[in-house]
Amino acid sequence: MPTVLRIGGYRFFFYSNENGEPCHIHVQRERMAAKFWLRPVSLASSTGFAAHELRKLISLVEEHKQTFEEAWDEFFSN
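Okay, so the sequence shown: first residue is 2 according to the numbering used here, each after it adds one.
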């Protein structure tokens, strides 16, 4: 499960067996987790995050979208 980025306690990653799904990123902090589609950015699922934290995460995903897409495309093109 490649970790793409870490920001202030959040780990942004994807699983290596997910190439059959559309481009997305998982976010984890402690026992909380969320999944965001990247094209376009939208929340796919969430467990444990409060609404205000999800809004913050959406902003972070949008800010780093290009980094996440490049990591996804590079990993799954090999």
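From the three backbone atoms N, C-alpha and C, an ideal C-beta is built for every residue, glycine too.
Bear in mind the structure is a predicted one, so any value in this text is a computation, not a measurement.
What is the residue span of the alpha helix (DSSP H) that residue i lies within?
i: Arg-12; result: Looking at the DSSP string, Arg-12 is not in any alpha helix (DSSP H); the run it does join, the beta strand (DSSP E), is 11 to 14.
Quick one: is residue i buried, meaning 16 or more other Cβ sit within 10 Å of its Cβ, or exposed?
i: Ile-26; result: buried
i: Gln-52; result: A small fix is needed here, since residue 52 is Ala in this sequence, not Gln. When all chains shown are included, Ala-52 counts as exposed.
i: Phe-80; result: Since the first and last residues shown for the chain are 2 and 79, residue 80 lies out of range.
i: Leu-77; result: What sits at residue 77 in the sequence shown is Phe, not Leu. Exposed, by the Cβ-count rule.
Within the continuous beta strand (DSSP E) that includes residue i, where are the two ends?
i: Arg-56; result: Counting along the chain, Arg-56 falls outside any beta strand (DSSP E), though it belongs to the alpha helix (DSSP H) covering 52 to 64.
i: Met-2; result: Element bounds for Met-2: n/a, residue is neither H nor E.
i: Ser-43; result: 42 to 48
i: Arg-30; result: 25 to 30
Using only CA atoms, which one of the options lies nearest to residue i?
i: Ser-43; options: Glu-31, Ala-35, Glu-19; result: Ala-35
i: Arg-30; options: Thr-48, Asn-20, Glu-71, Cys-24; result: Thr-48
i: Ile-59; options: Trp-38, Glu-70, Gly-21, Ala-72; result: Trp-38
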